[in-house]
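J.:
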Amino acid sequence: METELYLPIKESSNEKEAVIEINDLHISFGDNHVLKGVTFKVFKGEDVVVLGRSGSGKSITIKCIVGLIKPSKGEIKVFGDDIVEYSIGELNKVRVRIGFLFQSAALYDSMSVRENLAFTLKRHHKELSDADIEKEIIEVLENVGLEEAIDKMPSELSGGMKKRIGLARTLILKPEIILYDEPTTGLDTITSKEISQLIIDIKEKRKTTSIIITHDMDCARRTSDRILMLNDGVIHAEGKYDELAKSEDEWVNAFFK
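See below:
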């Protein structure tokens, strides 16, 4: 049964470029062994959804990819290089190529939408003029459909609007990889579908590579090229949504009922 369930990507001479490669990743916090040997690849232009129960280590995994958490053991290759022992300076050079959409959107409450977006650009692109920054802000707000919110404060935004502005702030640096941490959590059904469609649109328009952490099975179905299922610290199952939905494995099946 295990052999039939797990559907690894086969190695071949025509294999796509692996933008992210995780090998034997272990994470422990004291006696709590969260990850116990996670191994997977994410290929260029692919949207991979990671499913698992709360506390299974999904968010921890993507935080390792940007160096926010250092693993107890294992290899994390991003753009072909192992980042585990990178210095802060080296990590920052990689991070500018990776967008991270936090679950809370993480906007600065004291800044308007315009100021939130400008702050990100000014921090990483000091060479840009005010006119260039304004142009980039307007363009990215058009991408997420919120041009009219440019002068609003975060307190004036709905949950769905905050997610979109958080995504705009991620997109403004034109990342090659985007890591989404629960992008639809706390949103109503219609707004969740809009955010899922936005993830699809971004991939098609910007050719990004993404990992999407979610409990939202509709989001998983809509956005995923492939799904990884994390259980007891390892990848328990892997495959396309329709393949996994037909699984006879009871643990896998419970997610698709």
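Going letter by letter, the sequence shown gives residues 440 to 696 in this note's numbering.
Glycine included, every Cβ here is placed at the ideal spot set by N, Cα and C.
#1: So, are the CB atoms of P614 and I651 less than 8 Å apart?
#2: Measuring only the C-alpha atoms, how far is E485 from S631?
#3: Whole angstroms are fine: how far does the CA of V473 sit from the CA of A684?
#4: Quick one: give me the first and last residue of the beta strand (DSSP E) that F695 is part of.
#5: Can you list, in chain order, the residues of its chain whose CB lies under 6 Å from that of K642, leaving out five sequence neighbours each side?
#6: For L446 and A693, I'd like the C-alpha separation in whole angstroms.
#7: Just checking my contact of T478 with I674 at CB under 8 Å: how many whole Å lie between their CB atoms?
#8: By Cβ distance, which residues of its chain are closer than 7 Å to L546, with the 5 residues on each side in sequence left out?
#9: Can you find a heavy atom of the ligand MG that lies under 7 Å from the Cβ of K475?
#10: Taking the CB atoms as reference points, tell me whether G672 and G496 lie closer together than 8 Å.
#11: Between which two residues does the beta strand (DSSP E) containing I674 stretch?
#12: Find out if the Cβ-Cβ distance for the pair V481, T648 is shorter than 8 Å.
#13: Taking the DSSP output, what are the residues bridged to F558?
#14: Just curious, the alpha helix (DSSP H) that S498 is in, first and last residue?
#15: Determine the DSSP secondary structure at T630, reduced to helix, strand or coil.
#16: Starting from E529, trace the alpha helix (DSSP H) in both directions and tell me its first and last residue.
#17: Could you tell me whether the segment 577-591 touches the segment 506-516, where touching means 3 or more Cβ pairs closer than 8 Å?
T.: To lay it out plainly:
#1: no
#2: 21 Å
#3: 26 Å
#4: Here F695 belongs to no beta strand (DSSP E); instead the alpha helix (DSSP H) covers 689-695.
#5: D486
#6: With a pLDDT of only 44 at L446, under 50, the local geometry of the prediction cannot be trusted, and the value read off the model is given with reservation. The alpha-carbon atoms of L446 and A693 are separated by roughly 18 Å.
#7: 7 Å
#8: N555, P593, K601, I604, G605
#9: This structure does not include the ligand MG; it has no bound ligands of any sort.
#10: yes
#11: 673-678
#12: yes
#13: BP columns for F558 are empty, so no partner.
#14: 497-504
#15: helix
#16: 527-534
#17: no
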